[in-house]
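Visitor: For the sequence shown, this note's numbering puts the final residue at 218, and the numbers step up evenly by one.
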Amino acid sequence: MTDASPRTLRRRLRQARNALSAAARRSAAERVAEHLLGLTCFRNARRIAAYLATDGELDPAPIVRCARAMGKEIYLPVLLPVGPRRLWFAPWPPEAPLACNRYGIPEPVRAARTRVSPHCLDLVLTPLVGFDAAGHRLGMGGGYYDRTFAFLRRHRHWCHPRLVGLAYECQRLQCLPVHPWDVPLAGVVTESGWHPSPHSRTCRNLR
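1) Expressed to the nearest angstrom, what Euclidean distance is found between the alpha-carbon atoms of Leu174 and Val135?
2) Determine the closest residue to Ile116 out of Tyr62, Val140, Cys131, with distance taken between C-alpha atoms.
3) Going by DSSP, what residues sit across from Tyr86 in a beta bridge?
4) State whether the stretch 21–31 contacts the stretch 139–153, with contact taken as three or more CB pairs (one from each stretch) at a distance under 8 Å.
5) Could you give the DSSP three-state label for Phe162: helix, strand or coil?
6) At which residues does the alpha helix (DSSP H) containing Cys77 begin and terminate?
7) Within 8 Å, do at least three Cβ pairs link the stretch 78–98 to the stretch 191–199?
8) So the beta strand (DSSP E) Thr137 belongs to, where does it begin and stop?
9) Quick check: the Cα distance between Leu187 and Ala101, rounded to an integer number of angstroms?
10) For Gly82, count the other beta carbons within 10 Å of its own beta carbon; 16 or more makes it buried, fewer makes it exposed. Which is it?
11) Return the residue from the list Val140, Tyr179, Ala27 that minimises the CA-CA distance to Pro17.
12) From Thr51, Arg25, Ser32, pick the residue whose C-alpha is nearest to that of Trp205; which is it?
13) Tell me, please, which residues DSSP counts as bridged to Ala291.
14) On a Cα-Cα basis, can you pick out the residue from Ile85, Arg36, Glu41 that is closest to Arg57?
15) Between Ile74, Ala178, Val89, which lies nearest to Arg54 when the distance is taken from Cα to Cα?
16) Going by C-alpha to C-alpha distance, which of Ala30, Gly146, Ala178 sits closest to Glu68?
17) Confirm, please, whether the CB-CB distance from Pro172 to Asp133 is below 7 Å.
18) Rounded C-beta distance between Leu90 and Asn112? I'm assuming under 8 Å.
19) State the start and end residues of the unbroken beta strand (DSSP E) segment that holds Cys11.
20) Comparing the C-beta of Ile116 with each C-beta of chain C, is any distance below 7 Å?
21) Can you check which of these residues, Thr137, Gly176, Pro104, is closest to Arg121 by C-alpha distance?
22) To the nearest whole angstrom, what separates the beta carbons of Phe142 and Gln182, a pair I think is in contact under 8 Å?
Listed below in structure tokens is the structure:
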């Protein structure tokens, strides 16, 4: 386990991914898309939640293009104006208008009318700052994803949605500190391939 504090780890890992050139980021995003398309959890998914990359995050845009071409539905996370810090998800059809939320992150306009529960999703492409081989994820510290998908931890019989992290290899750590509220990932896709966690028994690589 690393001895660095979560704040130190976040700073170090964000610096590492932001140091990548634009060409390296584009190449990594394309390779991640190629790897993800070979996974059963992607092939079988109908409703897929993505995100809009910020702060050097791995860009899921190539994945979104492929998913739409295959007839899959794409959703984006949206924040509720008030209440607990949890996420809902709104449909994101091509050319749909977006507006920035209170954190400056774009989300679909009129999301309150069209949002769906996270229970309705098949696959969630999850942004992260760092990850380890056990499927533990280091996020930005807000706890939104852990709160939103806490039902996966409380009710082991739930097998959907599958949470799959997208990252660069430079974001991989040997071991992250674990908290009782953490919701593990099924695995992480980087430019080098699919890194399954012990929770990935239904998310196999077909290649």
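Backbone N, C-alpha and C define an ideal beta-carbon position, used for all residues, glycine too. Every value quoted in this text rests on a predicted model; they were computed, and no experiment measured them.
Guide: A quick look at the data gives this:
1) Counting from one through the sequence shown, the residue named residue 174 turns up at place 163. Counting from one through the sequence shown, the residue named residue 135 turns up at place 124. If you take the alpha carbons of Leu174 and Val135, they lie about 5 Å apart.
2) As a first step, residue 116 is located in the sequence shown; it is residue number 105 there, counting from the start. That would be Tyr62, whose Cα lies nearest to the Cα of Ile116.
3) In the sequence shown, residue 86 corresponds to position 75, counting from 1. According to DSSP, which records beta bridges pairwise, Tyr86 is partnered with Ala60, Pro102.
4) yes
5) Indexing the sequence shown from 1 puts residue 162 at position 151. Here Phe162 sits in helix by DSSP.
6) Taking the sequence shown and counting its residues from 1, one reaches residue 77 at position 66. Per DSSP, Cys77 belongs to the alpha helix (DSSP H) from 72–80.
7) no
8) Along the sequence shown, one-based indexing puts residue 137 at 126. Per DSSP, Thr137 belongs to the beta strand (DSSP E) from 134–137.
9) Here residue 187 refers to the residue found at position 176 when the sequence shown is read from its first residue. Here residue 101 refers to the residue found at position 90 when the sequence shown is read from its first residue. Rounded to the nearest angstrom, the two C-alpha atoms are 31 Å apart.
10) The residue you call residue 82 lines up with position 71 of the sequence shown. Answer is exposed; the Cβ neighbour count stays below 16.
11) For the purposes of this step, residue 17 is identified with residue 6 of the sequence shown, where counting begins at 1. Closest by alpha carbon: Val140.
12) In the sequence shown, counting from the first residue as 1, residue 205 sits at position 194. The residue with the shortest Cα to Cα distance from Trp205 is Thr51.
13) Since the displayed the chain opens at 12 and closes at 218, residue 291 lies outside it and no answer follows.
14) Translated into positions along the sequence shown, residue 57 becomes position 46. If we check each option's Cα against that of Arg57, Ile85 comes out closest.
15) Within the sequence shown, residue 54 is the residue found at index 43, counting from 1. Minimum Cα distance to Arg54 is reached at Ile74.
16) The residue given as residue 68 occupies position 57 in the sequence shown. Cα-wise, what sits closest to Glu68 is Ala178.
17) Translated into positions along the sequence shown, residue 133 becomes position 122. Translated into positions along the sequence shown, residue 172 becomes position 161. A contact, by the Cβ cut-off of 7 Å.
18) Within the sequence shown, residue 90 is the residue found at index 79, counting from 1. Within the sequence shown, residue 112 is the residue found at index 101, counting from 1. Right, the Cβ-Cβ distance comes to about 5 Å (below 8 Å), so this counts as a contact.
19) No answer is possible for residue 11: the residues shown for the chain start at 12 and end at 218.
20) As a matter of chain content, chain C is missing from the structure shown, which is built from one protein chain.
21) Residue mapping note: residue 121 aligns to position 110 of the sequence shown, counting from 1. Checking every option, the nearest Cα to that of Arg121 belongs to Pro104.
22) In the sequence shown, the residue the question calls residue 142 occupies position 131. In the sequence shown, the residue the question calls residue 182 occupies position 171. 6 Å between Cβ atoms; contact.
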